[in-house]
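Peer 1:
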Amino acid sequence: MDVSRRHLDDNAFDLLPTEEQVLRVALVVLLVLLAALFSGLTLGLMCLDKFGLQIVVDAGEDAHATEDEKTNAKYAKKIQNVRQDGHLLLTSLLIANVSVNTILSIMLADMTSGVTGFLISTVVLVLFGELLPQALCSRHPLFIGAKSLPIVWFFVVVLYVIAKPIALVLDWMLGREIGNLFTKREIGKMLDIHVKQNLLDADETDIMRGAMHFKAKVVASVMTPIDQVYSLPTTTKLTLATIRHIYQQGYSRIPVYHKDIHDIVGLIFVKDLIFADPAEETTLLHFVHVFGRGVHRVWPDSTLGDVLQAFKMGRTHLALVHDVNNAGPGDPFYETKGIVTLEDIVEEILQADIYDESDQIDADVTRKNRLSHRSYDTGVDRVILDDDRTKKLAKPEADALAKYLVASEPVFLTPDANGVPLDVAKVSNLLSQSHLLEFRAQDSPHAELLTQGKATNGCVIVLQGHVIVSSNSDSSTKRGLWSLFGAHALLECDAESDVTVDLPPDEYVRCVRVSRLDFQATLFPMNIAEQPAVLAERRLEIQIHQVHQDHNGIHHKPLSPVFHSDLDQSKDTDVPYTLDNRESM
2 MDVSRRHLDD NAFDLLPTEE QVLRVALVVL LVLLAALFSG LTLGLMCLDK
52 FGLQIVVDAG EDAHATEDEK TNAKYAKKIQ NVRQDGHLLL TSLLIANVSV
102 NTILSIMLAD MTSGVTGFLI STVVLVLFGE LLPQALCSRH PLFIGAKSLP
152 IVWFFVVVLY VIAKPIALVL DWMLGREIGN LFTKREIGKM LDIHVKQNLL
202 DADETDIMRG AMHFKAKVVA SVMTPIDQVY SLPTTTKLTL ATIRHIYQQG
252 YSRIPVYHKD IHDIVGLIFV KDLIFADPAE ETTLLHFVHV FGRGVHRVWP
302 DSTLGDVLQA FKMGRTHLAL VHDVNNAGPG DPFYETKGIV TLEDIVEEIL
352 QADIYDESDQ IDADVTRKNR LSHRSYDTGV DRVILDDDRT KKLAKPEADA
402 LAKYLVASEP VFLTPDANGV PLDVAKVSNL LSQSHLLEFR AQDSPHAELL
452 TQGKATNGCV IVLQGHVIVS SNSDSSTKRG LWSLFGAHAL LECDAESDVT
502 VDLPPDEYVR CVRVSRLDFQ ATLFPMNIAE QPAVLAERRL EIQIHQVHQD
552 HNGIHHKPLS PVFHSDLDQS KDTDVPYTLD NRESM
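Here my numbering = 1-based position in the sequence shown + 1.
1) Can you list, in chain order, the residues of its chain with a C-beta nearer than 8 Å to that of residue 258? Leave out the 5 residues immediately preceding and following it.
2) Report yes if the C-beta distance between residue 53 and residue 138 is below 9 Å; otherwise report no.
3) Exposed or buried, what is residue 191 when buried is set at 16 or more other beta-carbons lying within 10 Å of its beta-carbon?
4) Are the CB atoms of residue 65 and residue 168 within a distance shorter than 9 Å?
5) Quick check: what's the CA-CA separation for residue 84 versus residue 101?
6) Please name the residue in 324, 344, 329 whose C-alpha comes closest to that of residue 336.
7) In whole angstroms, what is the alpha-carbon distance linking residue 499 and residue 246?
8) Less than 9 Å between the beta carbons of residue 462 and residue 505, yes or no?
9) I'd like to know whether the C-beta atoms of residue 431 and residue 342 end up nearer to each other than 9 Å.
10) Under the assumption that residue 130 contacts residue 212 (Cβ atoms under 8 Å), give the Cβ distance between them as a whole number of angstroms.
11) Considering just the uninterrupted stretch of the beta strand (DSSP E) at residue 512, what are its terminal residues?
12) Can residue 43 and residue 120 be called in contact, C-beta distance under 9 Å?
13) For a test of the three-state rule: what should DSSP assign to residue 223, helix, strand or coil?
14) Below 7 Å CB to CB, which residues in the same chain sit around residue 442 once its five sequence neighbours on both sides are set aside?
15) Taking all protein chains shown into account, decide if residue 132 is buried (16 or more other Cβ within 10 angstroms of its Cβ) or exposed.
16) Who are the near neighbours of residue 404 in its chain, counting only those whose CB is closer than 7 Å to its CB and skipping five residues on each side?
17) Taking the Cβ atom as the reference point for each residue, do residue 433 and residue 395 lie within a distance shorter than 9 Å?
18) Do residue 204 and residue 353 have their C-beta atoms within less than 9 Å of each other?
19) Can residue 412 and residue 308 be called in contact, C-beta distance under 9 Å?
20) Roughly how far, in whole angstroms, is the beta-carbon of residue 285 from the beta-carbon of residue 239, given that I think they are within contact range, below 8 Å?
21) Name the two residues that bound the continuous alpha helix (DSSP H) containing residue 640.
22) What's the C-alpha gap between residue 300 and residue 322?
23) Whole angstroms is fine: what's the gap from residue 29's alpha carbon to residue 109's?
24) Is residue 227 near residue 274, with beta carbons less than 9 Å apart?
25) If you scan the region 394–452 from start to end, which runs of the alpha helix (DSSP H) of 4 or more residues do you find wholly inside it?
26) Alpha carbons only, please: which of 41, 38, 80 is nearest the one belonging to residue 57?
27) Quick one: residues in its chain with C-beta nearer than 6 Å to the C-beta of residue 95, no 5 flanking neighbours on either side, listed in chain order?
28) Distance check for residue 315 and residue 270, CA to CA, integer angstroms please.
29) Residue 351 and residue 208 look like a contact to me (Cβ under 8 Å); what is the Cβ gap, rounded to whole Å?
30) For residue 360, which of helix, strand or coil comes out of DSSP?
31) Leaving out the 5 sequence neighbours to the left and right, which residues in its chain are closer than 8 Å to residue 501 when beta-carbon positions are compared?
32) In this structure, what does DSSP give as the bridge partners for residue 465?
33) Regarding residue 84 and the ligand HEM, is the C-beta to nearest heavy atom distance less than 8 Å?
34) Residue 460 by DSSP, collapsed to three states: which one?
35) Which residue wins for smallest C-alpha separation from residue 222, given the options 187, 302, 242, 237?
36) Could you give the residue range of the alpha helix (DSSP H) that holds residue 251?
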């Protein structure tokens, strides 16, 4: 009897009607799919921490994001909501997965028996319910997670009453989920992995490491010792030879000391030496009082992060490193140890040397090469080296002079054709195109630059040296750097000079002459078409317009007595456009 019953139980599935067999098989397949989904999502969604999802979203919203990054960002943004409460999601997925696996095991046990049933159940659950879905979801968590969200939300809502209390207990015991955070050392190892996978360049990772660790370094480890710093005493006279020597050193900032190297009173910028008149032989003490910059001091144990913050605030790009000297029987005093520059900090960030003036390896050779192959012309060498070939102002000098003229001379604020006053850029361009005049002592006597009562077609600006200015109503005086004469001639036709400007016989004088024609061209620029087709079309339009006026008896109005520039082509002028000799050929 028992054997017969066991035989009937073993073949119970076979005795079921075909429709019920098909229904049970379909249910088993559905349960396997649900088990696979819950198992895969448990691994896939839980491996996506909050910070990782936010990084993907931010990367996809970047203006330079690729299409793949934008797609991943769209998936990540969908997953973020369900991933906010990690414990609730985990609890819901695990309850659903265990429930499905339990039902599936019971059904498979009813359908099979013995060793065969054991093998089938194990293969189905392990292979299709765990292994394959987890392997697939671990590779494509964003895509599968985003596509499966409706099913996930359904089970989260259905199981909320059971899952939420468990999630609250987990939050109380383990704390709220924060996300994956890495230390600087771990980030460095992660960068190494990215380099091996060719996702980052070695130079890029060096910069990242430098940016992470430079704040912990102290100034003493990167500073230039004071005995290797080029500095000058306050008694130095700024003669032409001294200025030339300073420029040839290749430095941009130079400390100036009073009694000794430990008594630094200020810094001078080499570019400011363009304002020094070598003929006056001004001392550095006086120059520092006028053009000198304050000195920012730091301690040897100051961190590079603090120094960089001071540099970023605009104080300076060079700081003195000083310390208290307690040695000896006397009172303690401040002792200058060296200097630290913005370049030193940048080198620590880049993890590479920038061969410049503060480097000690082949410093002289590097500096000479840089002076011989400048990518930016400072214009200083054109002044101090007395180059005969230079007949135009260098742009840096023109920019400096333009700033002064716009700020102090009303004529260089004259409105242009559009009613907009001249600016520094336009004046600088005008000065760069103007003629540069040089007068040497060995070539004297020289003719007068301007003569009182005589017509002049422009103004003169002194760039170097002195000139002698006289008039009928005043005794002669000496005028120097950036003195302007004949400014009214830039606006008036046939203007006469109101002073006489003469050149001293024993001094080098350098000046620039700005013509009225160039000044008017800056105010009223004229665009001349040079293409033959355009010129021919313009001639035809003028001829047709003239015939139309003759036919209708229209005559031109008399020219307005108000002065108009011969270059003014604005619409409100009454001067008709006429062809010149070049257009009529």
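Cβ coordinates follow ideal geometry from the N, Cα and C atoms, glycine included.
Peer 2: On the basis of the coordinates in this document:
1) 232, 233, 234, 235, 264, 265, 266
2) no
3) exposed
4) no
5) 22 Å
6) 324
7) 40 Å
8) no
9) no
10) So it is not a contact: roughly 47 Å between Cβ atoms.
11) 510–516
12) no
13) coil
14) 506, 507, 508, 509
15) exposed
16) 425
17) yes
18) yes
19) no
20) 7 Å
21) Since the first residue of the chain shown is 2 and the last is 586, residue 640 is not available in this structure.
22) 6 Å
23) 8 Å
24) no
25) 396–409, 425–434
26) 80
27) none
28) 15 Å
29) 6 Å
30) In this prediction, residue 360 has a pLDDT of 46, which is less than 50 and means its spatial position is unreliable; what the coordinates show is noted afterwards. Looking at residue 360 - three-state DSSP - the assignment turns out to be coil, as it is neither helix nor strand.
31) 449, 451, 452, 453, 470, 471, 472
32) 511
33) The ligand content of the structure shown is nil, which means the ligand HEM is not present either.
34) strand
35) 302
36) That residue, residue 251, is in no alpha helix (DSSP H); it is neither H nor E in DSSP.
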